[in-house]
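Taking it in order: structure first as structure tokens, then the write-up.
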Amino acid sequence: MTEFDATYYDGKTSARTAVRVRGCGHRLRIAGADGNFDAPLADVALDEVRADARVGSARRFLGLPGGAQLQTDDHDAVAALFPQAAPWQARILGLERRWSYALAAIAILAAFTWWCAVYGLPVAARLGAMAVPLTVESKLGEQALYALDKSFCEPSALGEGRRSEVQKQFERVTAGLKDGFLYRLELRSCPRIGPNALALPGGAVVMTDDLVRLATDDAQLAAVLAHEIGHVRQRHGLRLGLQGAGLAALIAALAGDAVSLTGLAMSLPTVLLQAGYSRGFEREADQYALERMSEIGVPARHFADIMALLSKQGPEAGLRGEALDYLSTHPAASERVEEAMKAR
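Here this note's numbering runs 597 ahead of the position in the sequence shown, where the first position is 1.
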């Protein structure tokens with residue numbers, strides 16, 4: 598026979614009652630605080646009672662028929678009444694009490710999270726991006742352009758003639774590309790962004806007036822446009838978006854509600870992830886740009902020239918916008934110039 602103190606909830610009201618519980622044979626009897634088992638509050642079969650698993654020193658919960666419940670701190674009594682659950686619970690409890698195992702589990706979880714962020718998510722994003730219909734990707738690009746115009750940009754202030762000249766360079770770069778993308782050039786005045794260009798999902802390429810003014814030769818603009826087309830064709834924008842969404846889901850799965858309490862846990866890994874992989878994306882776009890320039894007869898030196906001009910604008914300038922430091926998160930301008938000169 599096993600007896601222990603507990604708190605009884607009838608499952609109908611929030612009232613709680615201090616009780617004395619006795620397990621005898623295959624029955625569980627619940628008496629009031631006076632311990633009178635001759636007139637118990639409840640008398641149920643043990644096989645109708647659901648004992649929860651032990652978690653450290655937390656209170657044990659015993660579910661009773663009809664929604665009633667017992668709560669107790671007497672772990673030994675519960676283990677004695679429900680021995681069929683005790684062996685595996687004892688093993689788990691033993692693991693919980695060993696800090697070395699806990700630290701090892703944390704290390705394994707951290708390594709798995711790192712692997713997912715660095716390797717798993719980029720691969721999954723690449724495969725996922727290839728499965729997204731171009732119509733859907735174009736809609737995402739439209740939304741991105743709307744957000745850009747709402748927060749940073751205004752209609753281009755360039756004269757009609759100058760806009761037409763830049764458009765001709767864009768048509769020169771995209772002529773004959775039969776890949777399904779709906780390429781179009783969007784010229785914008787974006788003083789907060791400076792001399793930049795941005796490839797949006799679906800085929801839209803945004804180029805700022807400041808970049809047009811910075812270029813000393815229209816062939817330099819063609820080089821930049823070819824670079825951005827490389828981003829479009831590799832679906833880099835969509836892939837980065839999917840990586841960010843996947844990272845958010847991973848953190849939410851690991852941290853639960855805690856993710857909503859700390860913006861740092863969300864923003865810092867995302868920035869680090871983009872900084873690491875945007876370098877690879879930029880190299881892919883550079884390579885495409887040099888290949889495309891060769892196809893359309895634009896010397897590679899123009900790519901090197903525009904990179905050199907951008908590097909002189911200071912650390913805030915670059916082809917990705919003010920949200921990312923171009924010179925710190927992308928291949929160094931000197932490195933890119935060197936690669937372009939090799940392709941001459």
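For glycine and all other residues, C-beta sits at the position ideal for the given N, C-alpha and C. From a predicted model like this one, the values you see are computed outputs, not experimental measurements.
Open item on the list: Just to confirm my understanding: we take Thr771, look at its own chain, exclude 5 residues before and 5 after, and list those with CB closer than 6 Å. What are they?
Closed with: So the list reads Tyr780, once near-sequence residues are dropped.
TODO: Check whether the Cβ atoms of Ala943 and Gln831 lie closer than 8 Å to each other.
DONE: The requested residue 943 does not occur in the structure, where the chain is confined to residues 598 to 941.
TODO: Run the CB neighbour count on Arg785, radius 10 Å, all protein chains shown included, and call it buried at 16 or more, exposed below.
DONE: By the 10 Å Cβ count, Arg785 comes out buried.
Task: Where Gly663 falls: helix, strand or coil (DSSP) - done: When DSSP states are grouped into helix, strand and coil, Gly663 belongs to the helix group.
Open item on the list: To the nearest angstrom, how far is the alpha carbon of Ala612 from that of Tyr606?
Closed with: Approximately 6 Å, taken between the alpha carbons.
Open item on the list: When you compare the CB positions of Leu661 and Val641, do they come within less than 8 Å of one another, or not?
Closed with: In contact: Leu661 and Val641 (Cβ atoms closer than 8 Å).
Open item on the list: Would Arg657 and Leu643 be called neighbours here (beta carbons separated by less than 8 Å)?
Closed with: No, Cβ-Cβ distance for Arg657 and Leu643 is not below 8 Å.
TODO: Would you tell me roughly how many angstroms separate the C-alpha atoms of Asp635 and Asp673, rounded to the nearest one?
DONE: Those two C-alpha atoms are separated by around 25 Å.
Open item on the list: If you reduce the DSSP assignment to three classes, tell me which class Ser786 lands in.
Closed with: It is a strand residue.
Open item on the list: Please state the DSSP three-state secondary structure of Gly632.
Closed with: Coil, per DSSP.
TODO: Answer with buried or exposed for Asn793, where buried requires no fewer than 16 other C-beta atoms within 10 angstroms of its C-beta.
DONE: Buried is the call here.
TODO: Run the CB neighbour count on Tyr885, radius 10 Å, all protein chains shown included, and call it buried at 16 or more, exposed below.
DONE: Counting Cβ neighbours within 10 Å, Tyr885 comes out buried, since at least 16 surround it.
Open item on the list: Using 8 Å as the cut-off, can you tell me whether the segment 760-776 makes contact with the segment 700-710, which would need three or more C-beta pairs spanning the two stretches below that distance?
Closed with: No, the segment 760-776 is not in contact with the segment 700-710.
Open item on the list: In whole angstroms, give me the CA-to-CA distance for Leu822 and Gly777.
Closed with: Taking the Cα positions, Leu822 is about 18 Å away from Gly777.
TODO: Leaving aside the five residues before and after Thr604 along the sequence, list all residues of the same chain whose C-beta is less than 8 Å from its C-beta, in chain order.
DONE: For Thr604, where only same-chain residues beyond five positions count, the Cβ hits under 8 Å are Arg613, Thr614, Ala615, Val616, Leu667, Gln668, Thr669.
Task: Identity of the residue in Lys765, Glu739, Ala722 nearest Gly838 by Cα - done: In terms of CA proximity to Gly838, Ala722 leads the group Lys765, Glu739, Ala722.
Task: Bridge-paired residues (DSSP) for Glu600 - done: Residue pairing of Glu600 in beta bridges, as defined by DSSP: Arg619.
Task: Test item: CB-CB of Leu638 and Val646 under 8 Å - done: Going by C-beta atoms, Leu638 is not nearer than 8 Å to Val646.
TODO: Step through the CB atoms of chain C and report whether any lies within less than 8 Å of the CB of Leu837.
DONE: Absent here is chain C; the protein component of the structure consists of one chain.
Task: First through last residue of the alpha helix (DSSP H) which encompasses Leu818 - done: DSSP places Leu818 inside the alpha helix (DSSP H), whose first and last residues are 815-830.
Task: Where Ala819 falls, given that 16 or more other Cβ within 10 Å makes a residue buried - done: Classification for Ala819: buried.
- [ ] Return the chain-ordered list of same chain residues with a C-beta closer than 6 Å to the C-beta of His833, the five sequence neighbours on each side being excluded.
- [x] So the list reads Phe878, once near-sequence residues are dropped.
- [ ] Check the DSSP bridge columns for Met961 and list the partner residues they point to.
- [x] Residue 961 is absent from the model: the chain starts at 598 and stops at 941.
Task: Selected residue, minimal CA-CA separation from Gly717, among Ser761, Arg836, Glu825 - done: Of the candidates Ser761, Arg836, Glu825, the one whose C-alpha sits nearest the C-alpha of Gly717 is Arg836.
TODO: Select from Ala754, Ala704, Ala676, Gly632 the residue whose C-alpha is nearest the C-alpha of Val652.
DONE: Closest by alpha carbon: Ala676.
TODO: Return yes when the Cβ of Ala699 is within less than 8 Å of the Cβ of Gly738, no when it is not.
DONE: No, the pair does not count as a contact, with Cβ atoms beyond the cut-off.
Open item on the list: Residues in the same chain with beta-carbon distance under 6 Å from Ala816, minus the five sequence neighbours each way, listed in chain order, please.
Closed with: Closer than 6 Å at Cβ, skipping near neighbours: Val895, His899.
Task: Distance between Arg695 and Ala702 (C-alpha atoms, nearest Å) - done: Straight-line Cα distance between these residues: approximately 11 Å.
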